[in-house]
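Below is one structure, written out as structure tokens; the observations come after it.
2 protein chains.
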Amino acid sequence: MEHADMNLCELLNRRDQSLGVGAELFYSDPIELVRGDGAHVFDRAGRRYVDFYNNVPAVGHGNARVADAISLQQRTLNINSRYVHEGVIAYAERLAALHAPAIESIVFSCSGTEANEVAIQMARIATGKRGIICSNAAYHGNSDLVGRLTNVRPGGNPESEDVHSFPFPDWYRPVVSGLSEEALAGEYLARISEAIARLKATDVGFAGMLICSIFANEGLPDLPQGLMKRAADLVREAGGLVIADEVQAGFCRTGHWWGYQATGFTPDIVVMGKPMGNGVPIAGTGASHAIVDAFRAKTDHFNTTASTPLQAAAGMAVLDELEEQHLLENAQSLGQVLKDGLTRIAARNTHLGEVRGRGLFIVVDIVTDKDSRTPDQVLAAAICERLKTLGFLTANAGAYKNLIKVRPPLVISLGDIAAFLETFEAITFEMDAAH
Amino acid sequence: MEHADMNLCELLNRRDQSLGVGAELFYSDPIELVRGDGAHVFDRAGRRYVDFYNNVPAVGHGNARVADAISLQQRTLNINSRYVHEGVIAYAERLAALHAPAIESIVFSCSGTEANEVAIQMARIATGKRGIICSNAAYHGNSDLVGRLTNVRPGGNPESEDVHSFPFPDWYRPVVSGLSEEALAGEYLARISEAIARLKATDVGFAGMLICSIFANEGLPDLPQGLMKRAADLVREAGGLVIADEVQAGFCRTGHWWGYQATGFTPDIVVMGKPMGNGVPIAGTGASHAIVDAFRAKTDHFNTTASTPLQAAAGMAVLDELEEQHLLENAQSLGQVLKDGLTRIAARNTHLGEVRGRGLFIVVDIVTDKDSRTPDQVLAAAICERLKTLGFLTANAGAYKNLIKVRPPLVISLGDIAAFLETFEAITFEMDAAH
């Protein structure tokens, strides 16, 4: 087929036929992408978009080091982990060292879903109990078990026999209003204790808490100092393990290597994914020797295309890029510019309720008005559509789908951020006036 | 570290530390691999092994077309499926066409486990019931749900509330002895009906049957003509869907494109994986528009690193290689040479009970003696170790772990097969004399 003849409508029809009607798409007027370079992607007409959404290509779209590494490794050897391969071992060692001393061994898999499955199995084996608690607006993956921890999606079931949820620590729309910060912290901790107690009251028992270290899908709430440490202590006092889902939070995104460093707690089990391979499917679950060895002994776990030389090559190239391109520092310094800019814009706009987040992961909470703080999902979607039309990719997300999620590849430049802020200000000013 | 100084013992110790004690390894004396080329792999000392085991590198270790394809795509663009990408659509179309007319749309994922999770969710949504039946010696993956269909592994639970099993159709060690072929077929079909009836007697109900199309892990039983079609009819008459796990059977392995063509039935849902990306993590679940669209509508399913341009590039390159290198024909003609050779050797050896299989997937059933047909796992493992020492990779497998699994990359040559047969004959003759 001649590409010039192929219009998007025809392509969307083919997509419905071949991938199924309802396969998720961004934007009411979707875009076809054909090329990427750093923080930029291009559609078929050559139109450029600055990517302010995607965390998977953290070290840049079209990253040459990653492409070269996987090409060389695939051409050299890519084989399952029942044969010894030094590259896989060296990668596991390097990852574990980034979490030292809590994390000592890594079990690799191919997706965040698989890595969370492993984490839950580890917690269950370590504790001899089955019950897991999670937040009431979590997303941790799409399998039968992990999907039951997903309360933000259609068909998500907030409570099942072995999964109970607690209200995520929301300071902008608190679960109880009028409390002091300390009283509200106590309230949230009490809700966690209640969820644990409900599990302990049954045969299921309590195995652990699985949370995104920064509550990304919940909306990056601003947490008071020490809250997460107190939550982790509660979990351990109740005999459970603390599982930090770092699939969104990890690999320098927050201006820290790991999200749990940003929110101040130490996990027993960490789950890594998404940016780990810059688009090559890799995920991993890390824990202490005791936890991992017990898991290995009980499950005989094996994953054919995980723990491979290909995964290790991609993962190593990503770590090299993060370090050599100083992307941790980029996330810190440019993240601050981004947040300060958005905060300044929000202060003058009725519908920009709050700006939250850390590093290069910021959300703007879109509201009908600042007094009621009522989430405005429609306006949030409209802002994302408008930004897209003007060449900036974002998406709306969060527990109420009313957040503008601003999360560019870590290679984003100061110039791109300045351009984004200028456009964001203009759009939201216009919309404020129109409402 | 100087590689010359690094011995395997040290490497295994590092592996225990970084991946966990008990991470699966082949051979009591494991091997470290550093390079592969076609059907050959090489250890650090430069020693060559002919690979007679691995189905993932179906189009060859170090395949240049796959390496070039993923390198080019990763350098060009690799992004999640919420943006439209023509390559992903074209790949789904090409895959579906290979299953036409039963299969119309594909849901991609990153592993066989994930693809089986999707298949079960599809069957549950289509039928409104939850119960799945599988064979009593199946392996379909490692998640909480799919792991419950896995009866061959430590910790596997053959029966749970929503998973019931039936004895796999074994003609070498029949579930009831002394029956005619037709009577035994009736017996196996009755066991399937019983498993369905057990589910239907509860609130769980019956959603479908998930089987490997060729019962690979069970040991590639020789099935009478028409048995699988009758089993599929039974399942559909009971209101369930037939799910064909093609993760091992698919992509020309059996001398057919798909295992269900070899065993003669048409699935409602197919699950693909392993050789699909020649080592790049890709899997897929295919079904009719009705089944896939209903799944999409109910689940809002999304998988960040699946349905990507990278997966499509790898998958397309594999399909190109299968076709252009005539690997279907290779599986047919060389598979026949391999099976005939092994059958000839087995006829003269007390411990080689039976040779079964199709195309380039053959098993030799190792027994204490041909009269009792008692599985001899220890001897099977010893043969694999000895073959490895002499430069040929195989492994023992099957419901009794007493099968020598002979399953080379599809690019294997006639010369390699002749060398393997010669060595296999010499080893087993020696062992026969020694026993």
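The listed protein sequences derive, respectively, from chains A and B. Quick note on this note's numbering: the first sequence kicks off at 588 and runs consecutively. Quick note on this note's numbering: the second sequence kicks off at 588 and runs consecutively. We put the beta carbon where it would ideally sit given N, CA and C, even for glycine.
Does DSSP put residue i in a helix, in a strand, or in coil?
i	result
Arg601/B	helix
Ile769/B	The sequence shown places Glu at residue 769/B, rather than the Ile named in the question. Glu769/B falls in the helix class under three-state DSSP.
Leu664/B	coil
Val905/B	helix
Pro644/B	coil
Tyr726/B	coil
Ser875/A	coil
Glu824/B	helix
Tyr636/A	strand
Leu1008/A	helix
Ser780/B	helix
Val951/A	strand
Lys992/B	strand
Ala788/B	coil
Pro962/B	strand
Val675/A	helix
Cys596/A	helix
Phe755/B	coil
Ile690/B	coil
Cys799/A	strand
Leu612/B	coil
Ser764/A	coil
Phe882/B	helix
Anything in chain A within Cβ reach of residue i, meaning under 7 Å, just list it in chain order.
i	result
Thr714/B	Residues of chain A passing the Cβ test: none, with the nearest at roughly 15 Å.
Ser875/B	Simply none; closest approach about 10 Å.
Between residue i and the rest of its own chain, which residues show a CB-CB distance below 8 Å, the 5 nearest in sequence each way excluded?
i	result
Thr961/A	Val954, Thr955
Leu659/B	Ala900
By Cβ distance, which residues of its chain are closer than 6 Å to residue i, with the 5 residues on each side in sequence left out?
i	result
Asn729/B	Thr700
Tyr606/B	The sequence given here has Leu at residue 606/B, not Tyr. Nothing meets the Cβ criterion.
Tyr847/A	Ser800, Ala831, Pro854
Ile878/A	Met709, Ala713
Arg622/B	Phe629
Gly985/B	Gly806
Gln647/A	The question names Gln, but residue 647/A is Gly in the sequence shown. So the list reads Gly625, Pro996, Val998, once near-sequence residues are dropped.
Phe802/B	Phe755, Pro808
Please list, in chain order, the chain B residues whose beta carbon lies closer than 9 Å to that of residue i.
i	result
Asp880/A	Asp603, Gly607, Val608, Gly609
Cys799/A	Within 9 Å Cβ-Cβ: nothing; Cys799/A doesn't reach chain B, min ~14 Å.
Ile1014/A	Ordered by position in chain B, no residue passes the 9 Å Cβ test against Ile1014/A, which lies about 21 Å from the chain.
Ala683/A	Gln604, Ser605
Just to check my reading of the structure: residue i and residue j have Cβ atoms closer than 8 Å, yes? What is that Cβ distance to the nearest angstrom?
i	j	result
Gly792/A	Lys861/A	Gly792/A to Lys861/A, Cβ: 31 Å. No contact.
Arg778/A	Pro754/A	5 Å
Thr872/A	Ala706/A	5 Å
At a CB-CB cut-off below 7 Å, which residues of chain B make contact with residue i?
i	result
Cys971/A	Within chain B, no residue comes near Cys971/A; the closest Cβ sits about 12 Å away, beyond 7 Å.
His888/A	Asn729
Which same chain residues end up closer than 7 Å to residue i when comparing Cβ atoms and leaving out the 5 residues on each side of it in sequence?
i	result
Gly742/A	With a pLDDT of only 40 at Gly742/A, under 50, the local geometry of the prediction cannot be trusted, and no value is derived from it.
Ile657/B	Val867, Leu897, Ala900, Ala901
Thr892/B	Cys697
Pro1026/A	The question about residue 1026/A has no answer here: the residues shown for chain A are numbered 588 through 1022.
Tyr678/A	Ala899, Gly902, Met903
If the cut is a Cβ gap below 8 Å, which residues of chain B does residue i touch?
i	result
Cys697/A	Cys697, Ser698, Glu701, Pro868, Thr892
Thr663/A	Val621, Arg622, Gly623, Gly649
Asn641/A	Ile666, Asn667
Val653/A	Gln661
Leu947/A	What Leu947/A touches in chain B: nothing, since even the nearest Cβ is about 18 Å away.
Please check if any C-beta of chain D sits within less than 8 Å of the C-beta of residue i.
i	result
Glu748/A	Here chain D cannot be found, since the structure's protein chains are A and B.
Which chain A residues are close to residue i, counting only those with a beta carbon under 8 Å from its beta carbon?
i	result
Leu595/B	Val671
Arg883/B	Gly607, Val608, Gly609, Ala610
Leu599/B	Val671
Sorry if obvious, but does the Cβ on residue i come closer than 7 Å to a heavy atom of the ligand NAP?
i	result
His686/B	With respect to small molecules bound, the structure shown includes none, and the ligand NAP cannot be examined in it.
Near-chain B residues of the stretch 607-626 of chain A (beta-carbon distance less than 7 Å), N- to C-terminal order = Flagged, chain order: Gly607, Val608, Gly609, Ala610, Glu611, Leu612, Phe613, Pro617, Ile618, Glu619, Leu620, Val621, Arg622, Gly623.
Can you list, in chain order, the residues of the stretch 778-794 of chain A whose Cβ is nearer than 8 Å to any Cβ on chain B?
-> none
Going along the chain, which residues of the stretch 971-1004 of chain B sit with their C-beta nearer than 9 Å to a C-beta in chain A?
-> Leu980, Ala982
Relative to chain A, which residues along the stretch 825-845 of chain B have a C-beta separation below 9 Å, given in chain order?
-> Val834
In chain order, what residues of the stretch 854-867 of chain A put their CB closer than 9 Å to some CB of chain B?
-> Gly860, Lys861, Gly864, Asn865, Gly866, Val867
Give, in chain order, every residue of the stretch 685-696 of chain B whose Cβ lies closer than 9 Å to some Cβ of chain A.
-> Considering only beta carbons, the part of the stretch 685-696 of chain B lying closer than 9 Å to chain A consists of Glu691, Ser692, Ile693, Val694, Phe695, Ser696, in chain order.
Residues within the stretch 892-918 of chain A neighbouring chain B, beta-carbon criterion of under 9 Å | Thr892, Ala893, Ser894, Thr895, Pro896, Leu897, Gln898, Ala901
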